[in-house]
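Structure first, commentary second.
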Amino acid sequence: MDAAQSPQQTAVRQFTASRFGAIEIKETEIIKFPEGLLGFNHLHEYVLLKDPKQEPFLWLQSLEDPNLAFVVVSPFLFFPGYEINVKAHELTVIQLEDITKAEILTIITIPSDPKNLTANLRGPLVINSEMKLAKQLVLIDERYNTRHFLLKEIPPYLAAPGGRDVNKKNETADADE
Amino acid sequence: MRRECVGYKMGGAWMLVLSRKKDESIIIGDDVVITVVDIKGEQVKIGVTAPKSVSIHRKEVYEAIQKENKAAAQANLTNLTGLIKVLQTQQTTGEESPAKK
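Chain order of the listed sequences is Y and W.
FYI, in my numbering the residues of the first sequence are 207 to 383.
FYI, in my numbering the residues of the second sequence are 83 to 183.
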């Protein structure tokens with residue numbers, strides 16, 4: 207996992223996640239959710255774990271609960287017309303003035319039949335990457351609910367491996383294990 | 083605590099209960115006003131005026147997101163490569179997919 211790169215001069219935290227084992231997290235990689243996620247309001251520190259083989263999905267791992275990790279993905283890859291309408295005051299807690307500068311992720315639910323995985327478009331995650339502050343929004347927009355099936359929305363590059371062309375750095379990523 | 087009002091215990095916290103008629107209001111703090119706009123059978127239309135900094139949502143939406151977060155946290159997988167493969171296969175074979183809600 208990428209989060210476990212060389213320590214260099216930044217402070218590094220050792221962490222053992224139940225899914226991923228021992229990982230090293232740079233303090234600068236830690237994302238703080240001042241308000242927590244809904245239902246997990248007492249947990250504030252997370253890290254995004256990236257693995258080229260699992261693109262475009264990422265893992266949002268709690269640093270306070272080793273068992274807690276969410277699969278997340280950019281909603282725009284699957285739902286190109288996705289829009290977030292938010293009031294400026296909702297972003298003050300993450301010190302963000304312009305939402306277009308934020309990284310947006312949506313939490314994925316993987317049911318017992320993983321093919322039926324869904325994205326929660328009603329409660330997107332907004333990350334101020336510069337300040338490493340994040341928040342889960344509650345959208346007013348009635349077009350979105352908490353379970354949108356992804357299966358119909360596979361981005362073409364995923365369906366045709368080799369043609370990957372996303373804003374990810376890992377061009378060498380190989381979808382095959 | 084306003085002792086003159088009826089109270090109910092709701093999920094660990096006391097809930098203040100007031101009777102209001104159509105067009106009557108209650109005020110919370112200095113600047114949040116809740117007005118009963120209309121009553122039709124079992125449905126009550128409520129108007130809320132509040133400062134811009136106050137977010138107002140239907141409680142069900144909050145609860146739905148809470149519930150979904152908890153469901154999402156249950157994923158037993160540690161590696162999604164298998165799932166991604168399945169998705170690719172599904173896509174190329176054009177198998178019937180669940181309707182988007």
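Ideal Cβ placement from N, Cα and C applies to all residues, glycine included.
Comparing the C-beta of residue i with each C-beta of chain W, is any distance below 8 Å?
i         : result
Gly287(Y) : no
Val299(Y) : no
Glu230(Y) : no
Asn291(Y) : no
Arg349(Y) : no
Pro258(Y) : no
Arg219(Y) : no
Glu296(Y) : yes
From residue i to residue j, what distance separates their C-alpha atoms?
i         : j         : result
Val115(W) : Asn334(Y) : 33 Å
Leu266(Y) : Glu124(W) : 42 Å
Ile346(Y) : Ala340(Y) : 19 Å
Leu165(W) : Asp304(Y) : 35 Å
Leu331(Y) : Ser137(W) : 17 Å
Ala325(Y) : Val253(Y) : 20 Å
Glu289(Y) : Thr117(W) : 31 Å
Ala223(Y) : Val292(Y) : 33 Å
Val277(Y) : Glu106(W) : 47 Å
Phe221(Y) : Glu251(Y) : 12 Å
Lys238(Y) : Leu297(Y) : 14 Å
Report the residue from the options whose alpha carbon sits nearest the alpha carbon of residue i.
i         : options                                    : result
Asp319(Y) : Ala294(Y), Phe355(Y), Val278(Y), Thr298(Y) : Phe355(Y)
Leu249(Y) : Pro258(Y), Glu261(Y), Glu235(Y), Leu269(Y) : Leu269(Y)
Arg328(Y) : Ala157(W), Lys149(W), Ala155(W)            : Lys149(W)
Val344(Y) : Lys167(W), Asn158(W), Gln170(W), Asn151(W) : Asn151(W)
Arg102(W) : Gly111(W), Val119(W), Ala95(W), Met92(W)   : Val119(W)
Pro258(Y) : Lys104(W), Leu169(W), Leu162(W), Trp96(W)  : Leu162(W)
Leu255(Y) : Asn273(Y), Pro240(Y), Ser280(Y), Ile229(Y) : Ile229(Y)
Pro317(Y) : Asp113(W), Lys141(W), Ala157(W), Gln170(W) : Ala157(W)
Ala294(Y) : Thr306(Y), Phe285(Y), Phe284(Y)            : Thr306(Y)
Thr160(W) : Phe284(Y), Phe263(Y), Gln301(Y), Val299(Y) : Phe263(Y)
Once you ignore the five residues that flank residue i on each side, which residues in its own chain have a CB closer than 7 Å to its CB?
i         : result
Leu244(Y) : Gly329, Gln342
Asp271(Y) : Leu249
Lys127(W) : Val119, Asp120
So, is the C-beta of residue i closer than 8 Å to a C-beta in chain Y?
i         : result
Val114(W) : no
Glu142(W) : no
Ala132(W) : no
Val168(W) : yes
Gln148(W) : yes
Ala153(W) : yes
Leu98(W)  : no
Ala157(W) : yes
Arg160(W) : According to the sequence displayed, residue 160(W) carries Thr and not Arg. Answer yes: the Cβ-Cβ gap between Thr160(W) and chain Y drops below 8 Å somewhere.
Residues in its own chain within less than 8 Å of residue i by CB, not counting five upstream and five downstream?
i         : result
Gly368(Y) : Unreliable positioning characterises Gly368(Y) in this predicted model, as indicated by a pLDDT of 44, which lies under 50. The coordinate reading is nonetheless provided below. Excluding residues within five positions, none has a Cβ falling inside 8 Å.
Asp282(Y) : Asp is not the amino acid found at residue 282(Y); the sequence shown has Phe there. If we look at Phe282(Y) and ignore the five residues flanking it on each side, its Cβ neighbours are Tyr288, Ile310.
Name the DSSP bridge partner or partners of residue i?
i         : result
His354(Y) : Ala325(Y)
Phe387(Y) : In the structure as shown, chain Y starts at 207 and stops at 383, and residue 387(Y) therefore has no counterpart that could be examined.
Leu311(Y) : Leu331(Y)
Note down, in chain order, each residue of its chain lying with its Cβ closer than 6 Å to the Cβ of residue i, except the 5 sequence neighbours on either side.
i         : result
Ala217(Y) : Glu233
Arg225(Y) : Ala275
When every heavy atom of the ligand GTP is checked, does at least one fall within less than 7 Å of the C-beta of residue i?
i        : result
Val99(W) : This structure simply doesn't include the ligand GTP, nor any ligand for that matter.
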